[in-house]
Amino acid sequence: MKLDGPSIGIAPQIDGTGLVGLPIWLWNKVSPSTWGPITRTAAVPGRSVTATATAQKIVWTMGDGSSVTCTTPGTPYQPSYGNKKSPDCGYSGYSQPSSTQAEGRYTVTATTSWLVTWSGGGGTTGSQTVDLSSTATIDIDELQVITS
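Going by full-length UniProt numbering, the sequence shown opens with residue 1, and the numbers climb by one from there.
Here it is as structure tokens:
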């Protein structure tokens with residue numbers, strides 16, 4: 001059974017630039033190995049065990065001390081959404097530009113908590129939580145407006 005950390009989707013895009021105060025959209029690019037569920041059975045003559053892995057949540061640490069917990073994979077951002085907030089998995093926005101960070105970018109870490117349950121011959125059952133992470137960096141700039 002192959003399980004992976006999230007395949008990070010984020011707006012602003014990883015190679016793009018966002019602005020201080022604008023909402024950040026977060027999502028997992030869903031595949032069987034990044035969100036599941038996945039079920040596998042292993043067998044030898046007279047015995048078998050079946051295991052199922054199901055993603056329970058993703059915790060996003062935003063690189064500024066904030067975190068977001070999502071129980072869905074999130075909604076992929078589309079340009080037609082404009083500056084709206086994500087309906088199910090997003091961050092309200094950074095309060096400082098990423099130039100304040102040592103690396104000049106915010107490092108976002110997404111950790112999926114998988115629940116793996118299994119059952120085997122003779123009524124044996126069990127479960128285990130497995131946490132798998134992925135990271136991405138994003139650039140956040142500040143825009144100042146001068147009015148007359």
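Positions of the beta carbon are idealized from the N, C-alpha and C atoms, including for glycine.
Item                                                                                                             : Value
Other residues of its chain near THR61: CB distance less than 6 Å, five sequence neighbours each side excluded   : SER67, THR109
Bridge partner(s) assigned by DSSP for LEU115                                                                    : THR54, THR129
Three or more C-beta pairs below 8 Å linking the region 17-36 and the region 82-90                               : yes
Proximal residues to VAL30 (C-beta, below 6 Å), its chain only, five neighbours per side dropped                 : PRO73
Spatial neighbours of GLY46 in its chain, beta-carbon cut-off 8 Å, leaving aside the 5 residues before and after : GLY121
Strand pairing of SER134, partner residues [DSSP]                                                                : ALA110
Candidates ASP139, SER7, GLN56, of which the one nearest ILE14 by Cα                                             : ASP139
Coarse secondary structure for THR69, derived from DSSP in three states                                          : strand
GLY90 - DSSP class collapsed to helix/strand/coil                                                                : strand
Meets three-Cβ-pair contact criterion under 8 Å: the region 38-55 and the region 88-108                          : no
Short Cβ contact (8 Å threshold) for SER127 with GLY5                                                            : no
Beta-carbon gap between LEU3 and ALA53 smaller than 8 Å                                                          : yes
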